[in-house]
Each structure stands twice: as C-alpha cells, then as structure tokens.
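Protein chains in written order, with numbering that gives the first Met the number 0: chain A, 0 to 301; chain B, 0 to 301. Since the structure comes first, as structure tokens, the remarks are kept for the end.
Protein chains: 2
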Amino acid sequence: MDQLRALKYFAKVVETGSFTQAAQSFSVPASSVSRRIADLERSLGASLLKRSTRVVKITEIGQLYYEQINDILVRLEQSDELVQHYQSEPIGQLRISSMVGFGERILLPLMEEFSQRYPKVVLDISLSDELSTLARDDVDLAIRGGYAPNERVQALKLMNNDFIVVAAPSYLQKHGTPTEPDHLSQHRGLYFRSPAGPLPWLCQVDEQWREVTAPAAGISNEGKWLVQQAIDGQGILMMPNWGLQGFIDSGELIQLHIQPELRITTNTDLGVYLLYQKHRYLVPKIKVAVDFLVARVREMGF
Amino acid sequence: MDQLRALKYFAKVVETGSFTQAAQSFSVPASSVSRRIADLERSLGASLLKRSTRVVKITEIGQLYYEQINDILVRLEQSDELVQHYQSEPIGQLRISSMVGFGERILLPLMEEFSQRYPKVVLDISLSDELSTLARDDVDLAIRGGYAPNERVQALKLMNNDFIVVAAPSYLQKHGTPTEPDHLSQHRGLYFRSPAGPLPWLCQVDEQWREVTAPAAGISNEGKWLVQQAIDGQGILMMPNWGLQGFIDSGELIQLHIQPELRITTNTDLGVYLLYQKHRYLVPKIKVAVDFLVARVREMGF
DNA sequence: AATCATTAATGTCATTTAGACAATAATAAA
DNA sequence: TTTATTATTGTCTAAATGACATTAATGATT
C-alpha cells in the first residue's frame, strides 16, 4: 500500500469534508480516494472517518492522526523542495507575512527590487498584525515585533523598533510642549490599536511602571491615518521611529523628548525580527530573500 | 511511485552503507532497493548516493535529506502507533533511559511491579548518565536531572534532587565535624564523576560563589562504591538525598550541616525529571508508564 | 598485474496495486 | 415522495513493484 498517497488523500478529505472534492483536487475518481482511505484504515486497524452519503465526519482518533500526519506531509514536501532546488537558482513561491506598518513603509518598496533581481520567485506577501501560524505550513518568512517562538525558528533582528513621541508644530503651539509624563494628562493622544488592544503609554518613575496615557483623540490600527491626524494637529502620537522619520525630516512633525522616556511595554529590547525555519535556509529562494532583507534593511540604518 | 517505501529503503542504505544489507533487512532483492532509490533520485532531480560496487557514499545533499526524512519516518511510525494502539491495552516495547543512580535505587525496583501489572509491555531500560538523544527516536521515556529541552517535550518533576553532605561516624571521630565551608580544606572528599567531570563543592559566601572542594579521597561515576568508601570512613560525600537516606537511617552515615549550604551547581531548583514527547501521552504504554512512575515515585516522599 | 569475490545495476517476467468507469446504495433537501 | 448528491462496489486496464538471472564494476588477494 502506498501509505503516503493514502495520507494525502486522507488529509484532503479532512480539509474539504468530502471524498468527491478531495478526488477532484487530485484529478482521480472518488472511488480511488475511497479505496485508499479504506486501505489506510484497515492497515491501522481503526476508523478515521465516519461516512454518510452526505457528510463526512472525522473521528476523535482521526482528528489526532490528521494533525500529526499533516505536519509530516508539510515537512516532507519541504525536504523534497530542499533537494529539488539545491544549488539551483532561486525559484518558486515565497510567502511573506509582515506587520502592516513595516510592510507598507519598508518591505513592499524593497521587494520591488527583489522581484527584478529574482524574477522567478513569485512573491505572496500578506500584511497583518495578527501573529500568524508562523512559518509552519502557511508562511516562508515572517516579520514580527520581537519574539523568538522556539529553537527551530531562526530570528534575525532587522532593526530596532524604538518608539518615539511626536506632534505637529501647530498642536504644540496651541497646547504647549510636554516635557515630563505628568504633563500628558492635559494633552490628547493618538493610539495604535494592536491585536491585543490600543498600545498604552508607559513610563518608569521611581523604579515603578506607571501608565500615563492621555485622553484619546483617535485610535486606529491604520498607522497612516494616525500620522495624518498627528500632522493635522489632532494630538500626540507614539510610533516606531522608522515610520515617522520622514515626517520629522520634512518638519511636519516634531519629536518630543519626555523624561523619563515613554515606552509601550516594560520590555527593553524591542526589535523587528525576521523569522524563518532554520533548516530551510538552504532553499535558494529562502536564502536570497533572507540575505537580501537583512542587508537592505540594515543599511537603512534604523 | 511509492515515495515512502523509497525513503525507507534510502534511510536503511544510509544506515548500513550497503544496498545488499538494506535489501536483506526488508527481505527484498537488492535490485528492488536499487530501483526504488533510483526512482527517488530521478523524481527529486538530484543524486543522493555515490555508488561504487564496493562502497556507497552519501552526497552532501543526500546527507541533508536523510537527516530530515529520517525524522519524518520516525514521527510517522509514532503516529501510526498512536492510532493502532488507541483505546487498546498497554502493549509494545517501552524504552526508558535513566540516570544510573536513580535507575539502580528507584527505577528498577519499581518497574518489577510495573512488569507484573502490564505484562504485554516489554521493558528496555538503559542506565547512563550521558544525556541521550532524548525522546527522539531511541527512547520513549527519559529520566534526567533538571532540564526541559524544548516545548514538544513534557518534563514532569518526579522528586527533588537535593544534595546532602554525609560522612561516617568513624571519619568524624577522627577528623572532626566541619560546620562551615572553610573547614573543608582540612578534610577529604569523595566525588561523583558526571559526564562533565567530577562534581565540585560550591557555596555562596557574601553573595559570591566559591569552590570549596576538599582534597580528593576518591572519584568515581559509581555511586555505590562512593557510598561504601564513605561508610568505611574514607571521606566526606555529597550526593542526592534519595541515594543516602537509607544509610542515614541505619546510622552508617551522618548528615553534616554546613552553613552556608554546599551545592553542586549555582542553579537552585534541582530536580529529577521524567521526560517524554507530549503528543505520545495517548499511546497506552506511555500513558500508564508515566502515570505509574509519577504516582509511585511521588508517594516515596523525597 | 591478474584473479577473485563482492556488490550494484539491468533485463525480463510475474504479481500486486492503483486508477477508470459504470452501477449501486444511501441520505439530505425539495 | 421524489430528486440530486455522494460514497461504495464491481470489473477491467494500466502501472508499479518484486523475483530471478545476468552483467558490469571495483576493491582485495595472490
């Protein structure tokens, strides 16, 4: 029995909930799928699926088995890919998941050059601040705010992710320039909504962390809108410096220096990290993308 | 092409270094192995093995591929085992690796009862202080001094692993009873040789760690011999309390109370841990062994 | 250097296994 | 109750694997 084929059929049936659909996606008759899975069940001595003519349900043990073999199938495919592309030019689909702000401002502009340089690599970039099922089956590269999930995943620090505080000249003229945290309660704040909620303003006074969030003038997960609001003089904004530097240089925004410093977390070493599975670095498309991103982003000097 | 079969053949050829031997272990002609691997290489578009009639060498990419697919094969087998044994009685081979001292004094006596209770589980216990390739392919359960290698491995604390200091009454009569670390340089020590070298005596004085190891009267990785030497009055011995309690109760050894306390590492939370792969807990033989060991060892009250 | 023994590869045939296609049975929806 | 969809089963065909004998290559032995 070709167990591997049976497993692929089984996985697809679980995912589609249908023998017919699974069969279609492999371009074989449904009867073949039915027979292979029946073989598999017989050889395992357990029933994996509860069939009725209209619905296919998975059994408890079938579900457990599916979760394990699905991972195995993905890894086998990755191993095959490693061998197939070994010492060849970068080619294939490259799925990148990135934080929205970083993606818009830094990643997407950079990847145009990448696409020209490696035309056979088809980019599939998705921007989201949610933390993805990271580098398991759905993503080749992920860019996230600092954390290193486990030892099989390599995390390269692309840049610092220091937050700075800014406001428009017009705002400061009207409301004054705050220089210490206690001033902030008299101001208005613009807040970035992370998946975990709006990012607060924190600062450390007398070795104790305090929240010094000002009344809200606006909250959004859309960084560009927040910046526009800040430029329009609606309030004080705290965001990563790589998203604000251009507006400071142009004079549209002015950086505020509040002592003690404002932060958005008690954690000190914030950074933007590039994440990928260690053992896949030898796949050419992965290798060139990692090398390219690390080089280009670091030479931006944030 | 039945890739899975090809992978099994390939893995065996790598391990044995011979098509003929690999073929024998599967009870098929060598020609079959040759063809399957040729198929595999063709489908991958790379050569995995360098053949000559006498020696089979693995290519660089073949080696990488082998390392990855070998892990995949092991995991697939484990997944199959999970399904096959689901809701059945505990059965099969159970490989346990344990530290020597713990194995001799605690594990082996306990497992006699286990064997009677679960006669269909064939025990394969190996004692070694080396840290094994833990719970990957060669061991189902491992018992080790405190560490938790990664997130897929469950580590249950079986007992404390506190080291205590003892000596024979005759030794103390002759050399006096040390009560503080500075006294030790005038004494003789018996030292356990771990794989990393003889365990030193450390203590914390004025927030600084100092080594206060006494001149050696004996060094061995054989705990029983060290205990005998101590009973014979050869020197002071520091070992886990579960290995010494019996001799203290019988009066053959006397526990010394040195302040500040002696340790063998600067780490505070020493323990004996039972390690196994989380996802295998549902395999009956694993489950009953884990439950049995945790219950029995904990009720010993160390 | 020539021979020998071992080992992997190849050719050919038999057997096993998967797929194609039609027919059947079961069931949810109309 | 009827209808449409879906999984299963039967039968035949095609493909893949194994068996066995033979060949080619190579390291060891004389």
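Where a beta carbon is used, it is the ideal one built from N, C-alpha and C, also for glycine.
Is there a C-beta anywhere in chain A that falls below 8 Å from the one on B/GLN62?
For this step, residue 62 of chain B is matched to residue 63 along the second sequence. Interface criterion not met: the Cβ of B/GLN62 is under 8 Å from no Cβ in chain A.
Which residue wins for smallest C-alpha separation from A/PRO118, given the options A/SER219, A/VAL287, A/VAL164?
Locating residue 118 of chain A in the first sequence gives position 119, where the first residue counts as 1. The shortest C-alpha separation from A/PRO118 is found at A/VAL287.
Give the straight-line distance between the Cα atoms of B/GLY315 and B/LEU155, rounded to the nearest whole angstrom.
The shown model of chain B, from 0 to 301, leaves out residue 315 of chain B, and the question about it has no answer.
Would you list the one or two residues that DSSP bridges to B/ARG94?
As a first step, residue 94 of chain B is located in the second sequence; it is residue number 95 there, counting from the start. DSSP output for B/ARG94 lists B/ASP123 as bridge partner(s).
Along the chain, which unbroken stretches of the beta strand (DSSP E) at least 3 residues long are found entirely within the region 194-234 of chain B?
Counting only unbroken stretches of 3 or more residues, the beta strand (DSSP E) elements lying wholly within the region 194-234 of chain B are 201-204, 207-210, 215-219, in sequence order.
Counting C-beta neighbours from all protein chains within 10 Å, is the total for B/VAL54 16 or more, i.e. buried, or is it exposed?
In the second sequence, the residue the question calls residue 54 of chain B occupies position 55. Here B/VAL54 is exposed: its Cβ has fewer than 16 other Cβ atoms, across all protein chains shown, within 10 Å.
Residue-level contact to chain B via CB, A/ALA296, 8 Å cutoff:
Working through the first sequence from its first residue, we reach residue 296 of chain A at position 297. The sequence shown places Val at residue 296 of chain A, rather than the Ala named in the question. Under the Cβ distance rule, A/VAL296 does not count among the residues neighbouring chain B, no pair being separated by less than 8 Å.
Is the region 87-101 of chain B touching the region 57-72 of chain B, taking contact as three or more C-beta pairs under 8 Å?
Touching, no, given that fewer than three Cβ pairs across the two stretches are closer than 8 Å.
Determine, using beta carbons only, whether A/ALA229 and A/VAL165 come nearer to each other than 8 Å.
By 1-based counting over the first sequence, the position of residue 229 of chain A is 230. By 1-based counting over the first sequence, the position of residue 165 of chain A is 166. In terms of Cβ geometry, A/ALA229 and A/VAL165 form a close pair [threshold 8 Å].
DSSP three-state assignment for A/MET299, whether helix, strand or coil
Here the question's residue 299 of chain A lines up with position 300 in the first sequence. A/MET299: coil per DSSP, three-state reduction.
Contact with chain A by B/LYS7, beta-carbon distance below 8 Å
Walking along the second sequence from the start, residue 7 of chain B turns up at place 8. Judged by the 8 Å Cβ criterion, B/LYS7 is not in contact with chain A.
When the cut-off is 8 Å and only beta carbons count, does A/ALA45 lie next to chain B?
Along the first sequence, read from residue 1 onward, the residue named residue 45 of chain A stands at position 46. For A/ALA45, the nearest beta carbon of chain B is closer than 8 Å to its own beta carbon.
Spatial neighbours of A/PRO168 in its chain, beta-carbon cut-off 7 Å, leaving aside the 5 residues before and after:
On the first sequence, residue 168 of chain A is found 169 positions in, with the first residue counted as 1. Sequence-distant Cβ neighbours of A/PRO168 in its own chain, meaning closer than 7 Å and more than five residues away, are ILE253.
With three or more C-beta pairs closer than 8 Å as the rule, is the region 199-216 of chain A touching the region 169-189 of chain A?
The region 169-189 of chain A makes contact with the region 199-216 of chain A, as at least three CB pairs between them are under 8 Å.
Between which two residues does the alpha helix (DSSP H) harbouring A/MET110 extend?
Locating residue 110 of chain A in the first sequence gives position 111, counting from the first residue. From DSSP, the alpha helix (DSSP H) with A/MET110 extends over 107-116.
Suppose contacts are defined by Cβ-Cβ distances below 8 Å. Is B/ILE142 in contact with B/LEU106 by that definition?
Here the question's residue 142 of chain B lines up with position 143 in the second sequence. Here the question's residue 106 of chain B lines up with position 107 in the second sequence. Their beta carbons are under 8 Å apart, which means B/ILE142 touches B/LEU106 by this criterion.
Give me the Cα-Cα distance between B/PRO108 and B/VAL296, rounded to the nearest whole angstrom.
Taking the second sequence and counting its residues from 1, one reaches residue 108 of chain B at position 109. Taking the second sequence and counting its residues from 1, one reaches residue 296 of chain B at position 297. Cα-Cα distance, rounded: 11 Å.
Apart from the five residues on each side of it in sequence, which residues of its chain come closer than 6 Å, Cβ to Cβ, to B/ALA37?
Taking the second sequence and counting its residues from 1, the one referred to as residue 37 of chain B is at position 38. For B/ALA37, same chain residues with a beta-carbon under 6 Å away, outside a window of 5 residues either side, do not exist.
Which of the three DSSP states is assigned to A/ALA294 in this structure?
Residue numbering aside, residue 294 of chain A sits at position 295 when the first sequence is read from its first letter. Helix.
Tell me whether the beta-carbon of A/LEU201 lies closer than 8 Å to the beta-carbon of A/ARG262.
Position 202 of the first sequence, counting from 1, holds the residue named residue 201 of chain A. Position 263 of the first sequence, counting from 1, holds the residue named residue 262 of chain A. Result yes, Cβ atoms of A/LEU201 and A/ARG262 sit closer than 8 Å.
Between A/ASP181, A/ASN160, A/TYR65, A/SER127, which has its C-alpha nearest A/PRO259's C-alpha?
To locate residue 259 of chain A, count along the first sequence from 1; it is residue 260. Distances from the CA of A/PRO259 to each of A/ASP181, A/ASN160, A/TYR65, A/SER127 were compared; the closest alpha carbon is that of A/ASP181.
Identify the contact partners of B/VAL82 in chain A, using a Cβ-Cβ distance below 8 Å as the criterion.
As a first step, residue 82 of chain B must be located in the second sequence, where it is residue number 83. What B/VAL82 touches in chain A: LEU43, GLY44, ALA45, LEU47, ILE60, LEU63, TYR64.
Where in the region 246-274 of chain B do unbroken runs of the beta strand (DSSP E), each at least 3 residues long, occur, reported from the N-terminal end onward?
Whole beta strand (DSSP E) segments, 3+ residues: 253-255.
With DSSP collapsed to three states, give me the class of B/ARG187.
Within the second sequence, residue 187 of chain B is the residue found at index 188, counting from 1. B/ARG187 sits in coil when the DSSP states are folded into three classes, being neither helix nor strand.
On the criterion of 16 or more Cβ atoms from any shown chain inside 10 Å, does A/GLY222 qualify as buried, or is it exposed?
Counting from one through the first sequence, the residue named residue 222 of chain A turns up at place 223. By the 10 Å Cβ count, A/GLY222 comes out buried.
Beta-carbon neighbours of B/ILE71, restricted to chain A and to distances below 8 Å:
Position 72 of the second sequence holds residue 71 of chain B. Within 8 Å Cβ-Cβ: ILE71, ARG74, LEU75, SER78.
Within the continuous beta strand (DSSP E) that includes B/ALA154, where are the two ends?
Locating residue 154 of chain B in the second sequence gives position 155, counting from the first residue. 152-159 is the extent of the beta strand (DSSP E) around B/ALA154.
I'd like the span of the alpha helix (DSSP H) that includes B/VAL13, first residue to last.
Your numbering for residue 13 of chain B matches position 14 in the second sequence. Here the alpha helix (DSSP H) through B/VAL13 covers 2-15.
Counting only C-beta atoms, is A/ASP139 closer than 8 Å to chain B at any point?
Counted from its first residue, the first sequence places residue 139 of chain A at position 140. It does not: the Cβ of A/ASP139 has no partner Cβ on chain B nearer than 8 Å.
When you check each C-beta in the region 263-292 of chain A against every C-beta of chain B, which residues fall closer than 9 Å?
Cβ contacts with chain B come from HIS278, LEU281.
Does A/TYR85 get closer than 8 Å to chain B when you measure Cβ to Cβ?
Against the first sequence, residue 85 of chain A aligns to sequence position 86. Yes, A/TYR85 lies at the interface with chain B (some Cβ there is under 8 Å from its Cβ).
Does A/ILE68 get closer than 8 Å to chain B when you measure Cβ to Cβ?
Along the first sequence, one-based indexing puts residue 68 of chain A at 69. Closer than 8 Å: yes.
Would you say B/ALA134 lies against chain A (beta-carbon separation less than 8 Å)?
Position 135 of the second sequence, counted from the first residue, corresponds to residue 134 of chain B. Here B/ALA134 scores only 47 on pLDDT, less than 50, and its place in the model should not be relied on; the value that follows carries that caveat. B/ALA134 does not count as touching chain A.
How close, in whole Å, do the beta carbons of B/ARG279 and B/GLN77 come, if the pair is a contact with beta carbons under 8 Å?
Position 280 of the second sequence, counted from the start, is the residue given in the question as residue 279 of chain B. Position 78 of the second sequence, counted from the start, is the residue given in the question as residue 77 of chain B. Contact holds; Cβ gap of about 6 Å.
Quick check on B/GLY144: does DSSP put it in helix, strand or coil?
Along the second sequence, read from residue 1 onward, the residue named residue 144 of chain B stands at position 145. Secondary structure at B/GLY144: strand, using DSSP grouped into helix, strand and coil.
Could you give the C-beta distance for B/LEU157 and B/ILE95, rounded to a whole number, given that I count them as a contact under 8 Å?
On the second sequence, residue 157 of chain B is found 158 positions in, with the first residue counted as 1. On the second sequence, residue 95 of chain B is found 96 positions in, with the first residue counted as 1. Contact doesn't hold; Cβ gap of about 13 Å is too wide.
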